[in-house]
Amino acid sequence: MRSGYDRFEVDQYLSSLEGQLEELKLRSEAYLSQSHATQKQLELQKVRYQQLVKEIAARERALDQLSRDALKEANKIVGTANQNADLIVREALSAARQILVEISRISSESHLLREELGVKLKKLETVVEGLELPEAPNVKLFSDDHDRSSQ
């Protein structure tokens, strides 16, 4: 023992510290290696995240375009349907107008024919009233008592 310390004890303590230091170095290297692996994973995840963001943006643009195209097509269909409906209504109104004109013509002709028939009936009535019909022969003359042809 020299000057208040035990050399064996100091060597043993230093050896223990060296062992701890070696263990800490190994741990530090393991943590550093793990940190590098984690850093690489983080970088890969960042790259994947950016890819997903771009993919989502592209899909949103495609969806927006699809929505615009669908709306445009729907408006086109509605426009065509409105044009067709307008055409059908115009044709129906035209047909109804023609039918009304025909009904009006038939009604006018009916009134004229009725008046004409009324005039002709009055003339016929006058003619019939003016007819002098012969008297009908006596039916008794045709009876068996008067029949001499079979005798």
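Residues in the sequence shown are numbered from 18 upward in steps of one, following the numbering used here. Ideal Cβ positions, reconstructed from N, Cα and C, are used throughout, including at glycine.
- Sorted by chain position, which residues of the same chain lie with C-beta nearer than 7 angstroms to residue 105's C-beta, five sequence neighbours on each side aside? Position 88 of the sequence shown, counting from 1, holds the residue named residue 105. Leaving aside the five residues that flank residue 105 on each side, none in its chain has a CB nearer than 7 angstroms to its CB.
- Item | Chain-order list of residues whose beta-carbon lies under 8 angstroms from that of residue 81 (same chain, five-residue window excluded) | The count along the sequence shown starts at 1 and reaches residue 81 at position 64. Here the set comprises nothing.
- Can you tell me where the alpha helix (DSSP H) with residue 157 in it begins and where it stops? For the purposes of this step, residue 157 is taken as the residue at position 140 of the sequence shown. No alpha helix (DSSP H) holds residue 157; DSSP gives it neither H nor E.
- Query: Between which two residues does the alpha helix (DSSP H) containing residue 22 stretch?
  - Reply: As a first step, residue 22 must be located in the sequence shown, where it is residue number 5. It is not in any alpha helix (DSSP H) - residue 22 carries neither H nor E in the DSSP assignment.
- Coarse secondary structure for residue 104, derived from DSSP in three states: Stepping through the sequence shown from its first residue, residue 104 is reached at position 87. Secondary structure of residue 104 (DSSP, three-state): helix.
- Message: Quick check: the Cα distance between residue 122 and residue 116, rounded to an integer number of angstroms?
- Response: Walking along the sequence shown from the start, residue 122 turns up at place 105. Walking along the sequence shown from the start, residue 116 turns up at place 99. Distance between the alpha carbons of residue 122 and residue 116: 10 angstroms.
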